[in-house]
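Numbering-wise, the numbering used here puts 188 at position 167 of the sequence shown, and it's gapless, one number per residue. Think of the CB as a built atom: it goes at the ideal place given N, C-alpha and C, for glycine as much as any other residue.
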Amino acid sequence: MVTITISGTPGSGKSTVAEILEKKLGIKRIYSGMIFRETADKYKMSLEEFGKYCEKNSDVDKELDNRQLEILRKGDVILEGRLAGWLAYLNKIPALKVIIVTDIETRAKRIVNREAGSVEKRKKEIIKREKSEILRYKKYYNIDLKDTSIYDVVIDSGNKTPEQIVDIILEKLER
């Protein structure tokens with residue numbers, strides 16, 4: 022049974038890497054960002070509004086996290102999300118915990134290529150979103166999202182292709 026968590030900041034490349042891994046390994050990929058977006062839509066809020074709502078309403082965040090925990094406990098999955106590695110770590114669930122990082126300029130450009138807009142506008146949105154997430158996760162779980170020490174693999178995607186990143190992860194899995 023293979024369980025992998027892939028975490029990273031917006032625009033780091035985690036979704037692309039998770040999609041390639043899903044195809045190569047033939048195991049299911051669950052994307053926690055989609056769960057968050059669907060829930061924001063259900064509440065008829067933008068991502069920014071919903072993030073602010075979650076800052077004041079921990080029950081929504083905890084519900085989303087409990088859904089991810091159930092998925093992790095079943096195993097044989099690639100769980101992609103900001104807290105995925107932390108959830109596995111804090112709950113002692115065996116998994117290869119991967120975090121993908123890179124600078125904000127690269128991330129903003131990737132988001133513009135994917136969703137349009139301007140790089141400067143996207144950088145501002147990223148900063149707002151990250152501040153909201155850092156505040157929420159510190160407040161609810163005492164997690165420092167900038168602490169990468171809990172991960173088995175830390176990869177800077179700024180100078181690597183998604184395929185190179187997948188190869189690094191597969192190499193770690195074989196050990």
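Between the C-alpha atoms of residue 188 and residue 132, what's the straight-line distance to the nearest angstrom? 24 Å
Given a cut-off of 7 Å, decide if residue 92 and residue 85 are closer than it, judged by their beta-carbon atoms. no
Going straight from the alpha carbon of residue 124 to that of residue 166, what length do you get? 15 Å
Do three or more CB pairs link the stretch 63-82 to the stretch 144-161 at distances below 8 Å? yes
Which class does residue 102 belong to by DSSP, given the choice of helix, strand or coil? coil
Could you give the first and the last residue of the continuous beta strand (DSSP E) run that contains residue 172? Taken as a continuous stretch (DSSP letters only), residue 172 belongs to no beta strand (DSSP E), as it is neither H nor E.
Once the 5 residues before and after residue 172 are set aside, which same chain residues still bring their CB inside 8 Å of it? 28, 106, 118, 119, 120
Residue 53 beta carbon less than 7 Å from that of residue 96: no
Taking the C-alpha atoms as reference points, what is the distance between residue 129 and residue 152? 16 Å
DSSP three-state label for residue 23, please. coil
Taking the C-alpha atoms as reference points, what is the distance between residue 87 and residue 113? 15 Å
Give me the residue from 33, 40, 65 with the minimum Cα distance to residue 25. 40
Tell me which residues share the same chain as residue 202 and place their Cβ nearer than 8 Å to its Cβ, disregarding the 5 neighbours each side in the sequence. This structure does not reach residue 202, given that the chain is present from 22 up to 196, and the question cannot be answered.
Tell me the start and end of each unbroken beta strand (DSSP E) in the stretch 39-106 that is at least 3 residues and wholly inside, in chain order. 49-52, 98-101
Can you pull the DSSP bridge partners for residue 156? Answer is none; residue 156 lacks a bridge partner.
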